[in-house]
Amino acid sequence: MTHFCGRTHSTRLRPQPVTIPLETAPVYAAPAREEIAALAYSYWEKRGRRGGSPLEDWLRAEAELKQHK
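Each number in my numbering comes from the position in the sequence shown (counting from 1) with 1 added on.
Below is the structure:
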C-alpha cells in the first residue's frame, strides 16, 4: 500500500485486542455498607465494647465479607 509519504507499507493486519462482552464478564458486588457496619460493630461488642480501632474493625469486616461473596 502506498502511503502519502511515498513509501510502500505492509498490508498485514495487526492483532486486535480481545474484548469480553459485558454479559459474560464476572461481576463482583461489594458488600453493602450496612453489612460491613453491623459486622464491625459485632467485633467491638465481642471485645466488651472497649478498645480496638473502628477503622481496623471496618477493614476486617469488609475483607471478611468480600471473601464470602
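Just so it is clear, CB atoms sit at the ideal spot from N, CA and C, and this is done for glycine as well. From a predicted model like this one, the values you see are computed outputs, not experimental measurements.
Cutting at 6 Å between CB atoms, please list the residues of its own chain near residue i, excluding the five before and the five after it.
i: ALA41; result: ASP58, TRP59 and ALA62
i: ALA38; result: none
Express the C-alpha separation of residue j and residue i in angstroms, rounding to a whole number.
i: HIS69; j: PRO22; result: 26 Å
i: GLY53; j: GLN17; result: 52 Å
i: ARG48; j: ARG34; result: 21 Å
i: ARG51; j: ALA31; result: 28 Å
i: TYR29; j: THR20; result: 18 Å
i: ALA64; j: GLU46; result: 19 Å
Looking only at its chain, what residues have a beta carbon closer than 7 Å to the beta carbon of residue i, apart from the 5 residues adjacent to it on each side?
i: GLU36; result: LEU66
With DSSP run on the structure shown, which of helix, strand or coil describes residue i?
i: LEU60; result: helix
i: PRO66; result: According to the sequence as given, residue 66 is Leu; it is not Pro. Helix, per DSSP.
i: PRO55; result: helix
Would you kindly report the start and end of the unbroken alpha helix (DSSP H) that includes residue i?
i: ALA41; result: 34-47
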